[in-house]
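What follows is a single structure, written as structure tokens, with notes after it.
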Amino acid sequence: ILASCWGLIATFLSYKALRVNKLKVPAQYSSQQCAKCGHIHSNNRISQSEFVCIVCKYTENADLNAARIIAKRGIEKVLEFAKSQSVSSESPPVGTRESARRGRVRPHNPTVSEAARNPATLADISANC
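Each number in the numbering used here corresponds to the 1-based position in the sequence shown with 159 added.
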């Protein structure tokens with residue numbers, strides 16, 4: 160297993176995903192986080208299908224609530240990526256093994272989606288989540 164380099168597989172998968180405008184969104188604690196106020200607690204998830212926030216009393220289907228959280232995290236990642244691309248005109252060296260290990264990757268065909276080009280579109284999507 161050590162010779163298989165599992166960590167590099169994840170790094171290369173992230174690189175390949177960026178080439179086709181896909182990204183990985185962390186799902187940790189999404190079933191325990193409130194989509195309305197953002198509070199995370201294990202008691203928020205009452206049952207397999209019921210979610211009730213202990214802080215703001217927001218009630219929803221647990222799977223739908225988790226989907227809203229994951230969608231918000233995805234939108235935040237896209238906004239961070241778009242901001243980093245517009246802020247830094249000088250990109251770090253890419254294409255080497257060292258840069259891949261540090262997560263410095265750039266899409267092969269850097270095409271930016273319409274939503275990333277227009278932050279107002281992402282704000283509308285985020286408001287609906």
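From the three backbone atoms N, C-alpha and C, an ideal C-beta is built for every residue, glycine too.
When C-beta atoms of the stretch 235 to 246 are compared with those of the stretch 195 to 213, fewer than three pairs fall below 8 Å, so the two segments do not count as touching. For N220, the closest of K181, Q207, F171, H198 by C-alpha to C-alpha distance is Q207.
Secondary structure of Q244 (DSSP, three-state): helix. If you check the CB distance, I228 and S173 do not come in under 8 Å. Taken through DSSP and simplified to helix, strand or coil, I213 comes out as coil. Spanning the alpha carbons of A226 and K183 requires a straight line of approximately 14 Å. Just measuring C-alpha positions, the residue of K231, K236, Q187 sitting nearest K195 is K231.
Between C193 and N203, the gap from beta carbon to beta carbon is short of 8 Å. The bridge partners DSSP lists for Q192 are I199. By the neighbour-count criterion, in which 16 or more other beta carbons inside 10 Å mark a residue as buried, V179 falls on the exposed side.
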